[in-house]
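Number of protein chains: 2
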Amino acid sequence: MALIVQKYGGSSVATAERILSVARRIVATKDAGNSVVVVVSAMGKTTDELIRLSQQVAPEPDERELDLLLSTGETVSCTLMAMALRGMGHEAVSLTAGQAGIHTDSFYGRARIKSVDSTRLRRELDAGKIVIVAGFQGITDEFDVTTLGRGGSDTTAVAIAVALKADRCDIFTDVDGVYTADPRLVSQASKLDEISYQDMLEMAQLGSKVMHPRSVELGEAYGVPIMVRSSFNDEPGTLIHEVSRMETRSRVRGIAHDLNVGKIALVGVPDRPGLAASVFQPLAEAGISVDVIVQNVTVEGATDLSFTVARGDLPKAMRIIEPVAQRIAAKQLLSSDNQGKVSVVGAGIQSAPGIAATTFQALYEAGINIEMITTSEIRITCIVDREKVQVAVQKLHATFELD
Amino acid sequence: MALIVQKYGGSSVATAERILSVARRIVATKDAGNSVVVVVSAMGKTTDELIRLSQQVAPEPDERELDLLLSTGETVSCTLMAMALRGMGHEAVSLTAGQAGIHTDSFYGRARIKSVDSTRLRRELDAGKIVIVAGFQGITDEFDVTTLGRGGSDTTAVAIAVALKADRCDIFTDVDGVYTADPRLVSQASKLDEISYQDMLEMAQLGSKVMHPRSVELGEAYGVPIMVRSSFNDEPGTLIHEVSRMETRSRVRGIAHDLNVGKIALVGVPDRPGLAASVFQPLAEAGISVDVIVQNVTVEGATDLSFTVARGDLPKAMRIIEPVAQRIAAKQLLSSDNQGKVSVVGAGIQSAPGIAATTFQALYEAGINIEMITTSEIRITCIVDREKVQVAVQKLHATFELD
């Protein structure tokens, strides 16, 4: 008997009919002789609707209050799933994050899981029940409710799989698996049967919406195999696991992109030790993740420092950076919410000769201006105009023979 | 500085605009130098919508799951209220029942408060915050979420007032106070400036929707004055407190009614010791409250036993009673969901000569058949056809010169 953790996203539980259809899928897994824990997201667009509601009473809702508000979306869907399963004659119980022992720090809106106390999860499983856990939520030491950030239900699922030493974690979503690029942008994109944690992590962090990056990190750290598959059919999906690098090194595995990018530039800043810290420390304290960071070489004692944040964080980031820019005597402070990010991903590509050059040449041929560049061992990322992203992804997909 | 607990019902927080309007009212109370704890119900028809949603996935949703589902309605409204207050520049924090320490038994759907651990409430109040508590919810020793039954937010408010030794508990609702009868049925009904706990309790238990009966019991037990008033104007409401009985004895104070009545009759049951227990014990175990009970005198060793339950409980009650009826060899088992209840209420009226006779005569004159009768020291209750309830209330209101 295997222990399987399944996660169903918002579109898979968007209506009562879909909840019943997912419930039948869960029953099939249970009837095959497995123990099953299911993590669910909020129904459809619930989270967006709750955010809209909150903005009707306060333009900038308090983060603690917002987290408690948003957590209700997942509580609703997990109780409905448990009811549906009980209605089909199966023992099932829904657990909120507090009940399931998902303990986090108190960084509202993007809390991180500190530990999972699996006592109650175990007790319910031992009693033969299908356990439905509200995704996305956590609880602090003070019993305050947190949320894990967009897509956090993936992290909930993998964290529970780790805590219970599950045999597998299935992420059911509205796509068939992980593709070499977004199929909506590139019609020739093809599905991968397997991918390494590292490559998936880069794909996820670089804007492939399939998996929440932290869930992939967690899966890698504890060696939990993760299967990404569609909740609408029975096709095999993409298995994220430890892939031997021998054969896959130095190959472009996919093209990722992200349309949700805001850019901030500090121009003409007198260079001195501690400059970066004085800029990024206040952002970190406010819980704003900085993505791409580029600092130019210093000319005549002054430098330019640019970085990107999630587009939604841009206004808040600017409010924090404005006084900082004055303090560090920056000549100019610029921002733009009109950026996009395109990345070429594959293990070892940085050390493979010519991949960076090929990337830049391809974008040049497509008439696309590269605003910022950053590379890691396994990816090359370019910040470009948002409206050029689709063309860039198509061009790179063809260039690296992924079509 | 007084400590005031305020409770706002669902219609008072039905929209973002109303939440903002209630928030201004709360701020006025706080600015007058008071400490304020606010209990809120779910927005408008949220609870009904959640019940409808649950029935789409399971015709008879599990009670534990349903309670967790329904509790989200109050969590949403309490976070929105806290956000609205913070948006107005006031420190405020929302607390779920678990966070506010509202401990109950595990009778889902109608849990009773066992204790209120006010540690966190006190801490937030001491920090100068306005504390918003989700009404209607409780938490068991196992951290499972319960609900207190329809109207349970009143009980939450009074229980918190008791635990914090509040100076007053204000129940804001969509009516101006307690009337001698439902003003929608009797246009001559008049508002009472004050009423005793006992009279209010009877009015509440007999279907006056103004207050949840258990909240009145609780207020009486601990001597918390309760003010019922409108959230839409500043009119003084009705103060429920200990009223000297000297002057008010033997007077009809009001006419209450309830349209939400289901009737079950066991006909031709062989009478034997323990008969009532064998019928009512299984209902109690299932958490079904039985209201009026009538047992006829035994004729030739057989008796008829009739009782009423809330109309919504009728199908469940019948499923429980059917095997019981067989076991106790009842000749017939009848049920009807087409009943209503009309009650004449006032301290000491049972001992006042003629009030019962006057009641029955008045209903006879109005052409209304009385199906069951039950009396207490302070009320006379008649079960009649539901469609006759309005006429009955009007007739009795006029008969006892309440017009």
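So the sequences go chain by chain: A and B. Per the numbering used here, the very first residue in the first sequence carries number 98; after that it's consecutive. Per the numbering used here, the very first residue in the second sequence carries number 98; after that it's consecutive. Yeah, the Cβ is synthetic: ideal placement off N, Cα and C, and Gly gets one too. Remember, it's a predicted structure, so these values are computed and weren't measured experimentally.
Three-state secondary structure assigned by DSSP to residue i
i	result
A278 of chain B	coil
D401 of chain A	strand
Q285 of chain B	coil
I101 of chain A	strand
H494 of chain A	helix
R115 of chain B	helix
A189 of chain B	strand
E291 of chain B	strand
I123 of chain A	helix
R483 of chain B	helix
S138 of chain B	coil
I132 of chain B	Residue identity differs from the one stated: residue 132 of chain B is Ser in this sequence, not Ile. Three-state DSSP puts S132 of chain B in a strand.
I385 of chain B	coil
I148 of chain B	helix
Residue i: contacting residues in chain A (beta-carbon distance under 7 Å)
i	result
Q103 of chain B	Those do not exist, as Q103 of chain B stays about 18 Å from chain A at its closest Cβ, beyond 7 Å.
Q153 of chain B	A113
L516 of chain B	The structure shown has nothing for residue 516 of chain B, since chain B only spans 98 to 500.
Within chain B, the residues that residue i reaches when beta carbons sit closer than 8 Å
i	result
Q458 of chain A	Within 8 Å Cβ-Cβ: nothing; Q458 of chain A doesn't reach chain B, min ~51 Å.
Q196 of chain A	F240 and D241
L150 of chain A	A113, V173 and L177
Listed by chain order, chain A residues near residue i by CB distance under 9 Å
i	result
I116 of chain B	Q153 and V154
Presumed contact (8 Å Cβ cut-off) between residue i and residue j, rounded CB distance
i	j	result
S284 of chain A	I229 of chain A	37 Å between Cβ atoms; not a contact.
L147 of chain B	L165 of chain B	About 10 Å separates the two Cβ atoms, so there is no contact after all.
L336 of chain A	V376 of chain A	Not a contact, Cβ separation roughly 40 Å.
I352 of chain A	L499 of chain A	7 Å
V442 of chain B	I452 of chain B	Not really, about 11 Å apart at Cβ, beyond 8 Å.
D462 of chain A	I480 of chain A	The sequence given here places Glu at residue 462 of chain A; Asp does not occur at that position. With 8 Å as the limit, E462 of chain A and I480 of chain A do not qualify as a contact, their Cβ atoms being about 18 Å apart.
A139 of chain B	E114 of chain B	Contact doesn't hold; Cβ gap of about 17 Å is too wide.
G195 of chain B	I236 of chain B	4 Å
F233 of chain B	T253 of chain B	6 Å
G437 of chain A	D482 of chain A	7 Å
L356 of chain A	A427 of chain A	That belief does not hold up - the Cβ atoms of L356 of chain A and A427 of chain A are roughly 28 Å apart, past 8 Å.
A414 of chain B	I390 of chain B	That belief does not hold up - the Cβ atoms of A414 of chain B and I390 of chain B are roughly 13 Å apart, past 8 Å.
L222 of chain A	I257 of chain A	11 Å between Cβ atoms; not a contact.
beta-carbon residue i near the ligand SAH non-hydrogen atom, thresh 7 Å
i	result
G206 of chain B	With respect to the ligand SAH, the structure offers nothing, as it holds no ligand at all.
Check: Just by C-beta distance, which residues in the region 158 to 177 of chain A are closer than 7 Å to chain B?
Finding: Going along the region 158 to 177 of chain A in chain order, one finds P158, D159, E162, L165, L166, T169, T172, V173, T176 and L177 with a Cβ nearer than 7 Å to chain B.
Notebook entry, point to check: Residues in the region 198 to 225 of chain A with C-beta within 9 Å of chain B's C-beta atoms, listed in sequence order?
Noted result: Correct list: R217.
Next item on the list: Using a Cβ-Cβ cut-off of less than 9 Å, give me the residues of the region 180 to 191 of chain A that come near chain B, in sequence order.
Entry: Of all residues in the region 180 to 191 of chain A, those with a C-beta nearer than 9 Å to a C-beta of chain B are M180, A181, L182, R183, G184, M185, A189, V190 and S191, reading in chain order.
Item checked: Those runs of the beta strand (DSSP E) which lie wholly inside the region 238 to 271 of chain A and span at least 3 residues -> The region 238 to 271 of chain A contains these whole beta strand (DSSP E) runs: 242 to 244 and 265 to 270.
Item checked: Contained beta strand (DSSP E) runs [length at least 3] in the region 293 to 379 of chain A, N- to C-terminal order -> For the region 293 to 379 of chain A, whole beta strand (DSSP E) runs of length 3 or above, ordered along the chain, are 323 to 327, 335 to 338 and 351 to 367.
Next item on the list: Please specify which runs of the alpha helix (DSSP H), each continuous and at least 4 residues long, are wholly inside the region 392 to 473 of chain B, giving them in chain order.
Entry: Whole alpha helix (DSSP H) segments, 4+ residues: 411 to 424 and 452 to 462.
Checklist line | Entirely enclosed alpha helix (DSSP H) segments - the region 203 to 244 of chain B, minimum 4 residues | finding: Those alpha helix (DSSP H) runs which fall completely within the region 203 to 244 of chain B and span 4+ residues are 216 to 223.
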